[in-house]
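In terms of the numbering used here, the sequence shown is residues 6 to 58. Even glycine gets a Cβ: it sits at the ideal position worked out from N, Cα and C. Here the structure is a predicted model, which means the values were calculated and not measured. What follows is one structure encoded as structure tokens, with my remarks underneath.
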Amino acid sequence: MKEELKKECQECGSTNVIYDKEKDELICQDCGAVFAEFTPKKEKRFEEAHKQK
Numbered sequence: 006m007k008e009e010l011k012k013e014c015q016e017c018g019s020t021n022v023i024y025d026k027e028k029d030e031l032i033c034q035d036c037g038a039v040f041a042e043f044t045p046k047k048e049k050r051f052e053e054a055h056k057q058k
């Protein structure tokens with residue numbers, strides 16, 4: 006299932022970026038760029054790992 010995000014494409018700057026849960030990828034609907042560095046799953050893990058105690 007895909008869900009819309011308020012992310013900005015690293016290639017074209019568009020905010021028309023979706024998250025594909027099945028592939029764990031962010032995909033720009035305007036230019037077609039696919040990137041997965043900061044998907045929601047990875048962002049959550051990063052935030053949890055870097056929480057201050």
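Contact check, GLU30 vs VAL39, beta carbons under 8 angstroms: Position 25 of the sequence shown, counted from the start, is the residue given in the question as residue 30. Position 34 of the sequence shown, counted from the start, is the residue given in the question as residue 39. In contact: GLU30 and VAL39 (Cβ atoms closer than 8 angstroms).
Expected contact under 8 angstroms - CB spacing of THR20 and GLU13 to nearest Å: For this step, residue 20 is matched to residue 15 along the sequence shown. For this step, residue 13 is matched to residue 8 along the sequence shown. Between GLU13 and THR20 the Cβ distance is about 6 angstroms, and since that is below 8 angstroms, they are a contact.
Helix, strand or coil at CYS17 according to DSSP, with G and I counted as helix: As a position in the sequence shown, residue 17 is number 12, starting the count at 1. Coil.
Where ASP29 sits in the DSSP three-state scheme: Within the sequence shown, numbered from 1, the residue matching residue 29 stands at position 24. Coil at ASP29, not helix or strand.
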